[in-house]
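Protein chains in written order, with my numbering: chain A, 1 to 513; chain B, 1001 to 1375.
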């Protein structure tokens, strides 16, 4: 990537030696950041490294404890986002701040509406919005309601909102977290268009691939400390990862060849409806054997959520057969499946995976508190549960250490996921279903989660992996089933998989050759 | 988050201190109203506390008053812990009381050691039934429990009035009430004991049962698999279901237990104090008071016990306020203010955070699980 779009003479943002303390805790400890005009600057760090804290200071949400923020050569003492916006900073939060029943235009002009006297001048507003969207190549429908448009479109609206307010520097917080692969490509194009137009972008992320694909420079933060700023072209993903985590990270999972054994999960001609009552599973067939990982690749909304809900007993199917080791579990309650060998890492860890108000130890026995080792005659054996939890916290490196009696909700996302993984892996059931097991986790945690999933397979258990991350599916699966429109449309061996081919099949295209 | 806290800081962040502050504010607001009415705060509050603490007799009155409140408070607290809001404790209390009354009159010849447990059992079952019906409406047809409970409170109210008119149990005199229950069903201390200790005339064994119930509720919630299941459902239905817990059954169980506790409260009032049930002209409010007690007790069983005593004392003391020309309603103002401030106790932590220059409003994207906490 040539860097001619960057004007190295103009520093639009300079943060010097930023220190931010919350009580005794130092979230940012001497961080430096320089962003030039026309530059895409990534900020890389693990969950909890202090990226968001840093950006929230630039956006005026927090005040630094010490250090200077200089915007366009002017030292600013920003105390509110209003000051930041006036200085030309715009921020697109990970969770969009849009009003659902309002139209795109209404959302974009919100707070700065053009008026005629006391009346809103919607015609002018619409004209302005169309103008700005054309100028930056961000196609949108100005009259669509937010609730009717896709997440990718909503993100464009957020970006336009910032541009409309005159932002020269855009902060994008984890912008790809909820986008499809196609939308990610489009977003990267948009970012390049913007920088060609002289805007600067600060990209907060922990996805290395996207940094390589889009950013010019990257500043790495670890545990609140400034590590380095590097030229993205000059480093590899591996180097970035180890700078972020502070140790060598292996992306390769240790997965010895092994023959698959007996059939564990068999799904035949499964039909089911989604929450609206529309048929979404249309005769799906699936087999998972002992000692293999079967990955389900597909675009969200093709039936994978319903498939998992039906297997785990949360949802009833309309027709079909499901067996675990030959035992019929079709339309049986969750406990029945669990007793017969199904454990699962749910997609929504805070909704299904954990009782956030329960302590870590209470969460660790969520399915098996009735087992004799944890309770007798209806009385919980608190000592045994605590001992088991101590064991898990140590073995699975759930941090902070000694968190057994803390509410699960106080743990970071990665550690919450570790609690679930510990529980499900310790259950040691014949079938492990993992749905987006690494969503929102950083590479350190991802490496770790993958290790445990593969370990299950190596032990001879069957694993069904459902993930929207193609990389994850490809690196873990022995077999990849592509789901499209409620059916498994094709199957490839994990080692032969090709990303483009898979992508095509996921979109409903035929397998080439 | 791993900061070492001094014991003082832990205390300051505890719900106990919030409650204490709320109580102080409650009295302050009560005082404000007294001042507005042109009354002497010192005289009114002096009378209030004097009538509570002046003698063994007055203290025993407070305890007697408190006993049913403890039961309904436990009922509501139990429902809170398990994720349902038992606003129907009022109705469960009434049907419990009436069932105990019917048993206590019709089976009056049975010896006390059979009759008394039977009365409590009848009350508990009636209360549990009242709660369970609402639970079935909720789990079967998705009818909001708060709505149906409010209606069931009225059904209980009129049902009780209707039953009180039955010939078999109606008063032989002109009173719009039932007959008195059998002496064998009463749980009042012996006359001898009362006069020897100089207690109030209705001093009774009920408080011991209240203690037993308090410990039992604590035990069930904290130590049993049942309590674990109910709490899991209360905190997060989806995760409980995912973990294999039968959510609907848990809701029914929770409402049945909660209803039984309120029903027992009804029997405690009847067997310990009234001895008969009058035709009500309005809802008596023991169940609603249970909500207040549960909130003041921060839904902890032992907290509820203490809050019940507090509520009983305030009710008794408040009834003496008009002796100094202050309206009894001052107590209601105080209690209402306390509940209000407990309900918004988060404001205290907010103010504390402000002082520390901690970020309070923005950006804690908890649902994405990427809090900027140190690990």
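Using N, Cα and C, we set each Cβ at its ideal position, and we do this for glycine too.
Would the stretch 1068 to 1080 of chain B count as touching the stretch 1300 to 1319 of chain B if we require 3 or more Cβ pairs under 8 Å?
With the cut-off at 8 Å, the stretch 1068 to 1080 of chain B and the stretch 1300 to 1319 of chain B touch.
Which residue comes first and which comes last in the beta strand (DSSP E) that contains residue 22(A)?
Residue 22(A) -> beta strand (DSSP E) spans 7 to 22.
Between 374(A), 215(A), 226(A), 267(A), which has its C-alpha nearest residue 236(A)'s C-alpha?
It is 215(A) whose Cα lies nearest to the Cα of residue 236(A).
Cutting at 6 Å between CB atoms, please list the residues of its own chain near residue 266(A), excluding the five before and the five after it.
The answer, listed in chain order, is 287, 323.
By a C-beta neighbour count over all protein chains shown, 10 Å radius and 16 as the cutoff for buried, is residue 175(A) buried or exposed?
So residue 175(A) counts as buried.
Could you check if residue 343(A) is buried or exposed, using at least 16 other CB atoms within 10 Å of its CB as the buried criterion?
Buried, by the Cβ-count rule.
Determine which residues of the stretch 351 to 367 of chain A have a Cβ less than 8 Å from any Cβ of chain B, and write them out in chain order.
Answer set for the stretch 351 to 367 of chain A: 351, 352, 353, 354, 355, 356, 357, 358, 362, 366, 367.
For residue 259(A), which three-state DSSP category applies?
It is coil, neither helix nor strand.
Could you work out which residues of chain A lie near residue 1224(B), taking near to mean beta carbons separated by less than 7 Å?
Going along chain A in sequence order, the residues near residue 1224(B) (Cβ under 7 Å) are 378, 379, 380.
Within 8 Å of any Cβ in chain B, is that where the Cβ of residue 375(A) sits?
True, the Cβ-Cβ gap to chain B drops below 8 Å.
Taking the Cβ atom as the reference point for each residue, do residue 100(A) and residue 282(A) lie within a distance shorter than 8 Å?
Result no, Cβ atoms of residue 100(A) and residue 282(A) do not sit closer than 8 Å.
Near residue 223(A), which residues of its chain fall below 7 Å by C-beta distance, leaving aside the five closest residues on each side in sequence?
Closer than 7 Å at the Cβ level, and outside the excluded window around residue 223(A), lie 49.
Taking C-beta to C-beta, are residue 429(A) and residue 301(A) nearer than 8 Å?
Going by C-beta atoms, residue 429(A) is not nearer than 8 Å to residue 301(A).
For residue 428(A), list the residues DSSP reports as bridge partners.
Residue 428(A) pairs with nothing; no bridge assigned.
Taking only three categories from DSSP, how would you classify residue 392(A)?
Helix at residue 392(A).
Can you pull out the residues from the stretch 310 to 327 of chain A whose beta carbon lies closer than 9 Å to at least one beta carbon of chain B?
Hits within the stretch, in order: 312, 313, 314.
Leaving out five residues on either side along the sequence, give the residues of the same chain with a beta carbon under 6 Å from the beta carbon of residue 295(A).
The answer, listed in chain order, is 465, 473, 477, 480.
In chain order, what residues of the stretch 329 to 351 of chain A put their CB closer than 9 Å to some CB of chain B?
Listed by position, the residues of the stretch 329 to 351 of chain A near chain B (Cβ gap below 9 Å) are 333, 334, 335, 336, 337, 338, 339, 344, 346, 348, 349, 350, 351.
Applying a beta-carbon distance threshold of less than 9 Å, which residues of chain A neighbour residue 1236(B)?
Result: 350, 351, 352, 354, 355, 356, 357, 358.
Please say whether residue 1074(B) and residue 1304(B) have beta carbons closer to each other than 8 Å?
Their beta carbons are under 8 Å apart, which means residue 1304(B) touches residue 1074(B) by this criterion.
Between residue 1221(B) and residue 1081(B), how many whole angstroms is the CB-CB distance? I'm expecting something under 8 Å.
Contact flag correct, Cβ pair sits at about 6 Å.
What in chain B is Cβ-close to residue 369(A), meaning under 7 Å?
Here the neighbours are 1225, 1228.
Going by beta carbon distance, what residues of the same chain come within less than 6 Å of residue 218(A), once the five residues before and after it are set aside?
Cβ neighbours of residue 218(A) beyond the five flanking positions: 42, 44, 211, 230, 232.
For the stretch 1237 to 1261 of chain B, which residues have a beta carbon sitting closer than 9 Å to at least one beta carbon of chain A?
So the close ones are 1238, 1239, 1240, 1241, 1242, 1243, 1244, 1245, 1246.
Name the residue from 1109(B), 1272(B), 1341(B), 1290(B) whose alpha carbon lies nearest to the alpha carbon of residue 1064(B).
Nearest of 1109(B), 1272(B), 1341(B), 1290(B) to residue 1064(B), Cα basis: 1272(B).
If you run the structure through DSSP and keep just helix, strand and coil, what is residue 1325(B)?
Coil at residue 1325(B), not helix or strand.
Sort 443(A), 407(A), 273(A), 389(A) by Cα distance to residue 422(A) and report the nearest one.
Cα-wise, what sits closest to residue 422(A) is 389(A).
With a threshold of 8 Å between beta carbons, is residue 1077(B) in contact with chain A?
It does not: the Cβ of residue 1077(B) has no partner Cβ on chain A nearer than 8 Å.
Whose Cβ in chain A lies nearer than 7 Å to the Cβ of residue 1306(B)?
Those do not exist, as residue 1306(B) stays about 23 Å from chain A at its closest Cβ, beyond 7 Å.
Is the stretch 1255 to 1275 of chain B in contact with the stretch 1119 to 1130 of chain B, if contact means three or more CB pairs nearer than 8 Å?
Yes, they touch.
Reducing DSSP to helix, strand and coil, say where residue 87(A) ends up.
The answer is coil: DSSP assigns residue 87(A) none of H, G, I, E or B.
Do you know offhand how far residue 1184(B)'s Cα is from residue 1108(B)'s?
In a straight line, the C-alpha of residue 1184(B) is about 7 Å away from that of residue 1108(B).
Looking only at its chain, what residues have a beta carbon closer than 6 Å to the beta carbon of residue 137(A), apart from the 5 residues adjacent to it on each side?
Excluding sequence neighbours, residue 137(A) sits near 193.
Are there 16 or more other CB atoms within 10 angstroms of the CB of residue 1049(B), so buried, or fewer, so exposed?
Classification for residue 1049(B): exposed.
Tell me residue 484(A)'s beta-bridge partners as DSSP assigns them.
Its beta-bridge partners are 487(A).
Restricting to Cα atoms, I'd like to know which of 276(A), 289(A), 246(A) is closest to residue 259(A).
Among 276(A), 289(A), 246(A), the Cα nearest to that of residue 259(A) is on 289(A).
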